[in-house]
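S.K.:
Residue numbers (our numbering), protein chains in the order written: chain A, 211 to 603; chain B, 17 to 612.
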């Protein structure tokens with residue numbers, strides 16, 4: 211078990227740690243030990259034809275990186291920010307897809323969200339960040355940051371699903387499982403930038419795991435299944451290609467982001483980003499209070515979520531709306547209901563109101579509409595038209 | 017305004033070469049903070065001179081070169097198999113992106129770099145680190161570098177992927193420059209070293225606002241560009257030995273960052289007091305802004321706006337300017353870096369990598385990659401009871417690596433022919449003849465053709481996409497004529513077919529042959545008004561789907577409805593009152609090769 215923890219620690223890029231050094235758990239010193247092991251002897255390295263210098267996988271290298279841009283400092287893009295918060299309040303909503311122009315802060319928002327999330331309780335040494343089992347006594351737990359795992363482009367399948375631990379196999383001929391990114395993302399977020407550029411076979415794996423909440427590994431003589439429940443967050447640019455409908459449907463919410471067109475907003479975007487780039491720590495200090503306020507709202511919202519009443523009237527509204535739009539399947543209704551409930555919780559309401567449903571309907575439904583060749587209007591417009599017809603102006 | 021820009025460089029007039037040299041100096045100063053440069057120029061003495069100048073300014077530091085077809089293993093890094101096997105434990109190998117840390121990465125033939133590779137470069141530029149999750153290796157290595165994207169494209173759409181060039185602040189075009197225009201150096205490594213002390217030059221809020229205004233006026237959507245202009249202005253100030261960004265620096269940033277990205281010319285300012293809207297030469301004659309004085313005095317925001325915008329306007333490349341003037345914007349609408357859409361699941365073409373998989377369905381094994389995958393596990397497998405004592409390499413099913421191929425996707429030309437009574441029957445004969453001729457050409461190019469005919473209240477797929485000459489002949493011979501014109505239905509049918517073609521990995525191109533006079537609406541009911549409206553709406557849907565379309569007006573006199581329809585579908589309109597079959601074929605061939 212110790213070995214497994216080592217390897218997953220090696221994977222950690224330290225971003226979350228950099229963002230919030232106060233709450234980092236994890237075995238101290240594990241990283242340095244691993245680093246030492248992963249390094250080739252300099253002499254050997256020099257002998258190789260291609261000059262490859264040893265890799266540094268040290269903590270200080272990654273903590274030297276700037277903290278993420280504060281969530282509260284993101285200018286405009288209200289729908290994107292709201293969708294991310296709702297997904298954080300209720301993970302069963304099923305993730306967020308952010309599609310839009312270049313340079314609109316898609317990646318920035320997701321990395322900012324990571325810094326915002328309150329830490330969670332996890333069993334010490336568990337590679338899947340398992341929550342403590344109330345029935346079991348004597349479990350040692352610690353607070354860890356909610357994992358927000360990047361799925362980098364060019365990742366190979368063995369690193370995504372996990373594979374035989376290469377080091378153990380080579381050194382001692384021992385068969386051990388090295389968990390992959392899906393294990394690390396359990397109970398957290400899995401972020402795919404440029405989701406439309408992802409290799410098809412990786413998309414298949416993700417679809418399967420996201421649907422079942424479980425990762426089944428059958429390779430290299432291993433047979434392992436482990437929990438992999440995560441919120442899938444994807445971003446992309448429609449110019450680079452469209453998403454497969456199956457993947458599209460898997461995202462609970464979808465947001466279209468566009469570049470702000472009014473001058474004052476644009477100036478504010480540039481000013482803040484420039485200030486951040488020049489002095490990231492100072493800038494984050496200025497926004498810390500605002501970020502913490504959102505963090506508190508998030509925690510309160512999560513607590514309140516279970517108490518939000520779902521009235522029959524709200525259920526009827528949701529069903530009416532979906533019927534009106536002709537969305538396929540029940541997934542749309544379910545997502546719309548959950549998103550409306552999460553918004554009610556976030557805003558401190560007692561029950562789901564029409565205003566909540568109206569606010570989240572576009573993001574919950576716009577990617578589920580059938581393409582109508584005779585309707586030139588965008589899907590957002592169609593949802594809004596349906597809203598006006600069901601709810602009145 | 018040119019006097020103002022010149023003050024940043026102490027030369028009377030900023031030649032294209034001088035501007036390029038300033039760009040090199042900015043890159044040498046702190047290229048990583050501004051992403052880098054997209055350098056459009058053919059391989060030749062001018063480009064070599066510029067690269068040499070950049071190397072000199074960087075104090076002779078080596079730069080790495082990335083070939084266009086680089087594989088992930090070399091680009092990102094991964095498992096060093098030789099060392100791993102020799103040492104008996106996993107040894108990671110640095111990829112090119114990690115090696116480039118602190119330097120310059122030359123991306124060769126950047127216009128040919130595919131979107132996936134470009135996205136990997138972008139990820140590193142954004143994060144300042146390379147994240148590798150490959151072959152059992154998982155690590156993050158900090159890496160900051162500047163990219164010099166060597167764009168050798170000739171045609172307008174041969175450009176580096178938009179995602180990449182969006183992140184490279186500077187953009188140079190040295191295509192038109194002769195090697196005789198290369199000038200003596202204006203900077204040296206000492207100037208750069210001195211400027212390094214000042215890279216944190218301050219910039220006023222007014223200047224930031226003014227750069228944002230200029231970007232918007234030039235029709236630049238991305239806010240990233242305005243931010244880059246701010247950073248470049250700061251570096252420009254440092255280069256000129258200033259601690260604060262002056263209007264000249266802002267003007268230079270506008271010329272280097274904003275101008276090459278302009279998608280529209282700024283609207284002429286309507287102020288009556290603004291007399292100097294005359295052409296450029298007069299402006300140069302009267303140095304309205306004394307360069308030295310403006311350093312410490314705050315400049316009136318309005319003047320600053322004008323100055324920056326003028327600098328940008330003056331620096332818009334001549335070719336682009338002409339385009340903007342004629343087209344009135346919207347020239348670069350279609351995505352760049354997509355010189356031909358590609359089909360992924362091909363089984364021939366160039367090998368672009370391998371993936372784990374089964375050998376079912378005629379897949380081809382990538383032997384070397386399979387052996388690479390099997391090698392690290394040999395010790396473990398030998399230790400297993402069943403394999404004990406067996407000689408040779410133990411390869412298992414999970415080691416199999418399947419070669420992935422990529423080939424240029426083929427085009428399918430879809431003809432949508434009006435067979436109604438309003439399209440006179442002899443026109444139909446010509447259309448048939450044109451299809452025959454195009455079919456012969458397509459056969460040579462291995463493209464496909466399909467034929468939809470519409471009349472009465474329906475559109476029929478007479479010929480599904482095919483390369484068969486015989487099948488096409490038969491379908492054409494059986495094409496009947498006469499009846500009403502259900503245009504909306506036809507366009508919808510064409511769109512459905514185009515969708516199907518796309519799903520097969522081919523690029524559809526639509527050729528409509530009609531007079532555009534619809535009289536059957538989308539529901540199959542007669543009525544000219546609704547029919548016309550439905551047809552236009554369907555045409556707009558076609559445009560929304562991003563399909564290439566040509567509309568050939570087959571009526572004896574060019575029809576306004578047909579032209580309107582062509583405009584609605586975003587396609588080309590070809591009125592062919594007198595054309596014969598060969599003429600139609602020629603026109604279509606020309607239009608399609610432009611679209612391709």
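Every residue, glycine too, gets a C-beta built ideally from N, C-alpha and C. Quick caveat: nothing in here was measured; it's all calculated off a predicted structure.
Reducing DSSP to helix, strand and coil, say where residue 514/A ends up.
M.R.: Reduced to three states, the DSSP call for residue 514/A is helix.
S.K.: Beta-carbon separation of residue 533/B and residue 577/B under 8 Å?
M.R.: Going by C-beta atoms, residue 533/B is nearer than 8 Å to residue 577/B.
S.K.: Would residue 284/A pass as an interface residue toward chain B - the criterion being a Cβ-Cβ separation below 8 Å?
M.R.: Chain B contact via Cβ: absent.
S.K.: Taking its Cβ as the centre, do 16 or more other Cβ atoms sit within 10 Å of residue 196/B, making it buried, or is it exposed?
M.R.: So residue 196/B counts as exposed.
S.K.: Taking only beta-carbon atoms, is residue 66/B less than 8 Å away from chain A?
M.R.: False, the Cβ-Cβ gap to chain A never drops below 8 Å.
S.K.: In three-state terms, what does DSSP make of residue 480/B?
M.R.: Strand at residue 480/B.
S.K.: Pick from 355/A, 360/A, 334/A, 338/A: whose alpha carbon is nearest that of residue 348/A?
M.R.: Here the closest residue by C-alpha is 334/A.
S.K.: Cα-Cα, which of 228/B, 142/B, 136/B, 492/B is closest to residue 149/B?
M.R.: With distances taken between Cα atoms, residue 149/B lies closest to 136/B.
S.K.: Mark residue 519/B as exposed unless 16 or more other C-beta atoms lie within 10 angstroms of its C-beta, in which case mark it buried.
M.R.: Result: exposed.
S.K.: On a CA-only basis, which of 449/B, 219/B, 586/B, 381/B is nearest residue 556/B? Give me that one, please.
M.R.: That would be 586/B, whose Cα lies nearest to the Cα of residue 556/B.
S.K.: Classify residue 541/B as buried or exposed, calling it buried when 16 or more other Cβ atoms lie within 10 Å of its own Cβ.
M.R.: Exposed, because fewer than 16 other Cβ atoms sit within 10 Å of the Cβ of residue 541/B.
S.K.: What is the DSSP secondary structure of residue 591/B, counted as helix, strand or coil?
M.R.: Residue 591/B: strand per DSSP, three-state reduction.
S.K.: In terms of residue numbering, what span does the alpha helix (DSSP H) encompassing residue 608/A cover?
M.R.: Any answer about residue 608/A is impossible in this case: the structure gives chain A only from 211 up to 603.
S.K.: Would you identify the three-state DSSP class for residue 247/A, choosing helix, strand or coil?
M.R.: Confidence at residue 247/A is low in this model, with a pLDDT of 38, below 50, so its placement is unreliable and the value that follows should be read with caution. Residue 247/A falls in the helix class under three-state DSSP.
S.K.: Let's see if you can read the secondary structure: which residues bound the alpha helix (DSSP H) around residue 484/A?
M.R.: 473-488 is the span of the alpha helix (DSSP H), which, as asked, contains residue 484/A.
S.K.: May I ask you to list the residues that DSSP assigns as paired with residue 247/B?
M.R.: Residue 247/B pairs with nothing; no bridge assigned.
S.K.: Taking 8 Å as the threshold (C-beta atoms), are residue 453/A and residue 446/A in contact?
M.R.: The answer is yes: Cβ separation under 8 Å.
S.K.: If you draw a straight line from the C-alpha of residue 178/B to the C-alpha of residue 386/B, how long is it?
M.R.: Going by the C-alpha atoms only, they are around 35 Å apart.
S.K.: Would you kindly work out how many angstroms separate the C-alpha atoms of residue 200/B and residue 81/B, rounded to a whole number?
M.R.: Residue 200/B and residue 81/B: Cα-Cα distance of roughly 26 Å.
S.K.: Taking only beta-carbon atoms, is residue 544/B less than 8 Å away from chain A?
M.R.: Residue 544/B does not count as touching chain A.
S.K.: Short check: CB of residue 75/B to CB of residue 205/B, under 8 Å?
M.R.: Yes, the pair counts as a contact, with Cβ atoms nearer than the cut-off.
S.K.: In three-state terms, what does DSSP make of residue 430/A?
M.R.: In the structure shown, residue 430/A sits in coil (DSSP, three-state: anything other than H, G, I, E or B).
S.K.: Can you tell me which of 191/B, 490/B, 39/B puts its alpha carbon nearest to the alpha carbon of residue 448/B?
M.R.: Nearest option by C-alpha distance: 490/B.
S.K.: Where does residue 262/B fall in DSSP's three states?
M.R.: Here residue 262/B sits in coil by DSSP.
S.K.: Check this for me: beta carbons of residue 238/B and residue 312/A, under 8 Å apart or not?
M.R.: Against a cut-off of 8 Å, the Cβ pair of residue 312/A and residue 238/B comes out as a contact.
S.K.: Compute the Euclidean distance between the alpha carbons of residue 227/B and residue 246/B, then round it to the nearest angstrom.
M.R.: About 7 Å.
S.K.: So is residue 317/A in contact with chain B if we call contact Cβ pairs under 8 Å?
M.R.: So yes, residue 317/A belongs to the interface.
S.K.: Provide the residue(s) that pair with residue 554/A in DSSP beta bridges, ordered along the chain.
M.R.: Bridge partners of residue 554/A: none, in fact.
S.K.: In this structure, how does DSSP classify residue 203/B when only helix, strand and coil are distinguished?
M.R.: In the structure shown, residue 203/B sits in coil (DSSP, three-state: anything other than H, G, I, E or B).
S.K.: Can you find the residues in the same chain that come closer than 8 Å, C-beta to C-beta, to residue 214/B, ignoring five residues on each side of it along the sequence?
M.R.: Around residue 214/B: 253, 254, 257, 258, 259.
S.K.: Tell me the residue span of the beta strand (DSSP E) that contains residue 441/A.
M.R.: That run of the beta strand (DSSP E) goes 441-446.
S.K.: In whole angstroms, what separates the C-alpha of residue 346/A from that of residue 329/A?
M.R.: Taking the straight line joining both Cα atoms gives about 22 Å.
S.K.: When we look at the beta-carbon of residue 614/B and count the other beta-carbons within 10 Å, is it buried (16 or more) or exposed?
M.R.: Coverage of chain B is limited to positions 17 through 612, which leaves residue 614/B absent and any answer about it impossible.
S.K.: Shortest alpha-carbon distance to residue 575/B belongs to which of 583/B, 270/B, 531/B, 225/B?
M.R.: Residue 531/B is the option with its Cα nearest to residue 575/B.
S.K.: At a CB distance below 7 Å, what residues from the stretch 225-243 of chain B approach chain A? Give them in sequence order.
M.R.: Cβ contacts with chain A come from 225, 228, 229, 232, 237, 238, 239, 240, 242, 243.
S.K.: Return no unless some Cβ of chain A is closer than 8 Å to the Cβ of residue 185/B.
M.R.: No, because no Cβ of chain A sits closer than 8 Å to the Cβ of residue 185/B.
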